[in-house]
Every structure is written in C-alpha cells, then in structure tokens.
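S.K.:
Protein chains: 2
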Amino acid sequence: MTTSLPERIGAVVRKRREALGLSQEAFADRIGMHRNYYGAIERGEKTMRLDTFERVAMGLEIEAWRLLKDGAG
Amino acid sequence: MTTSLPERIGAVVRKRREALGLSQEAFADRIGMHRNYYGAIERGEKTMRLDTFERVAMGLEIEAWRLLKDGAG
C-alpha cells in the first residue's frame, strides 16, 4: 500500500519534531499554529500549502526543500 | 523588495516550462490544469498546495524538492 503525500510528509515532520524533543503542543505554539491543525498535519489528514509547509520547516530548523526531499519516499 | 514565495516559485516554474519549449496552454493541458489557474501560478498569484506542486513538478520533469530548492531564493 503506497502512502499518500500528506502521510509521507506527516511522518517526516513528526520524526523531525520528535528529534527536536518538542511535543506537538510546544511545536504548534512555536510556529503559531492551532494544535489540532498541526496534529492533523502529522497524521497526514491535511495537505499543506507551500507557505504553511515553509513555516513548519522553519520551525523544524530545516530547509523546506530538504524536508520535501525526506518526504519524497 | 523581497519576492514572495508564490512569486519565487512562479518564476522557477515558468523558467523550467520555457526550457521545455512548452506554452502555458500546452503545459496546463499536460498536467490537466485549467489554463487560467496555471497562469496565475506562474504570475505568483496562487500559493499551491503540496499535491498541486508535485503535479506541476512531475509535468516539468523535475523532482518537487529540486524545484522548491530552485525557488528558495
């Protein structure tokens, strides 16, 4: 079963956030995003716009293109 | 004046499309997108979702992360 783009991106975002030792709530706060919305991103239930994706990447201290490459599957 | 994300992305998408020798109309057809919507993307008037961005990258025969890197400015 191939994973969808949002699921792949959600997984790499989660991995990166956990590596920073941040909870979902702390990270959502860091980037000024509602916690529930951020949780849905990690679960692959939301497809981000590019500007949101850049915001998340910045909060994860990684370039957006690198994060997208990690999630390229 | 710093360019916005959609403007940076629109510029690299246009450059890549022109390098393939395709008109906006032919390229929009290739990826099954309405021509006006695609034109707005190139003009930086639309911020794509990641799935749309992947579709455009595929049509441009380039990995999405590479296209995002080109547009990182």
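For the record, the sequence lines run as chains A and B. Heads up: the first sequence runs through residues 4 to 76, numbered per the numbering used here. Heads up: the second sequence runs through residues 4 to 76, numbered per the numbering used here. By construction, the Cβ of each residue, glycine as well, lies at the ideal position given by its N, Cα and C atoms. This structure is a prediction, so every number in the text was calculated from the model and none was measured.
(1) If I measure Cβ to Cβ from residue 58 of chain B and keep anything under 6 angstroms in the same chain, skipping five residues before and after, which residues do I get?
(2) Just the chain B side, please: which residues come within less than 8 angstroms of residue 6 of chain A by C-beta, in chain order?
(3) Tell me which same chain residues have a C-beta within less than 7 angstroms of the C-beta of residue 10 of chain A, skipping the five on either side of it?
(4) With a threshold of 16 other CB atoms inside 10 Å of the CB of residue 22 of chain A, please say whether the residue is buried or exposed.
(5) Near residue 40 of chain B, what residues of its chain come up, given a Cβ to Cβ distance below 8 angstroms and the 5 sequence neighbours on each side ignored?
(6) Have a look at residue 62 of chain B and residue 45 of chain B and give me their C-alpha separation to the nearest angstrom.
(7) Under 8 angstroms by Cβ, that's how I've got residue 38 of chain B and residue 28 of chain B pegged, so tell me the actual separation to the nearest angstrom.
(8) For residue 52 of chain A, write down the residues that DSSP places opposite it in a beta bridge.
(9) When you check each C-beta in the stretch 43-71 of chain B against every C-beta of chain A, which residues fall closer than 7 angstroms?
(10) So which residues on chain A does residue 75 of chain B lean against when the C-beta distance must stay under 8 angstroms?
(11) Using the beta-carbon of each residue, which ones in chain A are nearer than 7 angstroms to residue 12 of chain B?
(12) Please classify residue 6 of chain A as buried or exposed, where buried requires at least 16 other C-beta atoms within 10 Å of its C-beta.
(13) When we look at the beta-carbon of residue 74 of chain A and count the other beta-carbons within 10 Å, is it buried (16 or more) or exposed?
(14) With H, G and I counted as helix, E and B as strand and the rest as coil, what does DSSP make of residue 35 of chain B?
(15) Take residue 17 of chain A and list the residues in its own chain whose beta-carbon comes closer than 8 angstroms to its own, dropping the five residues that flank it on each side.
M.R.: Looking at the coordinates:
(1) Locating residue 58 of chain B in the second sequence gives position 55, counting from the first residue. Counting only Cβ-Cβ distances below 6 angstroms, and skipping sequence neighbours, we find 34.
(2) Here the question's residue 6 of chain A lines up with position 3 in the first sequence. Contacts between residue 6 of chain A and chain B, judged by CB atoms closer than 8 angstroms, are missing: the closest CB pair is about 13 angstroms apart.
(3) In the first sequence, residue 10 of chain A corresponds to position 7, counting from 1. These residues qualify, in order along the chain: 47.
(4) To locate residue 22 of chain A, count along the first sequence from 1; it is residue 19. Classification of residue 22 of chain A: exposed, given that the 10 Å Cβ count is below 16.
(5) What you label residue 40 of chain B is simply residue 37 of the second sequence in a count that begins at 1. So the qualifying residues of the chain are 31, 49.
(6) On the second sequence, position 59 is the one that residue 62 of chain B refers to. On the second sequence, position 42 is the one that residue 45 of chain B refers to. A direct Cα-Cα distance of roughly 14 angstroms separates residue 62 of chain B from residue 45 of chain B.
(7) By 1-based counting over the second sequence, the position of residue 38 of chain B is 35. By 1-based counting over the second sequence, the position of residue 28 of chain B is 25. A Cβ-Cβ separation of about 5 angstroms places residue 38 of chain B in contact with residue 28 of chain B under the 8 angstroms criterion.
(8) Counting from one through the first sequence, the residue named residue 52 of chain A turns up at place 49. B:52.
(9) Considering only beta carbons, the part of the stretch 43-71 of chain B lying closer than 7 angstroms to chain A consists of 50, 51, 52, 53, 54, 56, 57, 66, 67, 68, 71, in chain order.
(10) Stepping through the second sequence from its first residue, residue 75 of chain B is reached at position 72. Near residue 75 of chain B (Cβ distances below 8 angstroms), the residues of chain A are 66, 67, 68.
(11) By one-based count along the second sequence, residue 12 of chain B stands at place 9. Those within 7 angstroms of residue 12 of chain B in chain A are 53.
(12) Reading the first sequence from its first residue, position 3 is the one you call residue 6 of chain A. Exposed: under 16 other Cβ atoms inside 10 Å.
(13) Within the first sequence, the letter at position 71 stands for residue 74 of chain A. That one is buried.
(14) Mapped onto the second sequence, residue 35 of chain B falls at position 32. Annotated three-state conformation of residue 35 of chain B is coil, per DSSP.
(15) For this step, residue 17 of chain A is matched to residue 14 along the first sequence. Hits under 8 angstroms: 45.
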